[in-house]
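Per our numbering, the very first residue in the sequence shown carries number 57; after that it's consecutive.
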Amino acid sequence: MVNAYILIQTEVGRAAAVAEAVRGISGIEQVDDVTGPYDVIVRAGAESVDELGRLVVAQVQAVAGITRTLTCPVVHL
Numbered sequence: 057m058v059n060a061y062i063l064i065q066t067e068v069g070r071a072a073a074v075a076e077a078v079r080g081i082s083g084i085e086q087v088d089d090v091t092g093p094y095d096v097i098v099r100a101g102a103e104s105v106d107e108l109g110r111l112v113v114a115q116v117q118a119v120a121g122i123t124r125t126l127t128c129p130v131v132h133l
């Protein structure tokens, strides 16, 4: 299992709508609206890095109102 945090920037005024839309995507474990340089932070899980990449590119980035994402895979040191 691969977990990652996805930091999302949105168009002005779209953070709540983006968070709600992302909540409905399979593989998304947690969604939080935040303040700062990012508007929404998501925790996602997938069976592999490739599956995680497909989740981010094909589903998360397709949500209307998202302008940029940064995916941070969780590592166990």
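All C-beta atoms in this analysis are idealised placements derived from N, C-alpha and C, irrespective of residue type, glycine included.
Exposure of residue i, with buried meaning 16 or more beta-carbon neighbours within 10 Å
i, result
"Asp95", "buried"
"Gly92", "exposed"
"Gly80", "exposed"
"Gln130", "Sequence inspection shows Val at residue 130; the Gln mentioned does not correspond to that position. Its Cβ having fewer than 16 others within 10 Å, Val130 is exposed."
"Gln69", "The question names Gln, but residue 69 is Gly in the sequence shown. Exposed."
Beta-bridge partners of residue i, as assigned by DSSP
i, result
"Arg99", "Tyr61 and Gln86"
"Thr66", "Ile122"
"Pro93", "Answer is none; Pro93 lacks a bridge partner."
Coarse secondary structure for residue i, derived from DSSP in three states
i, result
"Arg124", "strand"
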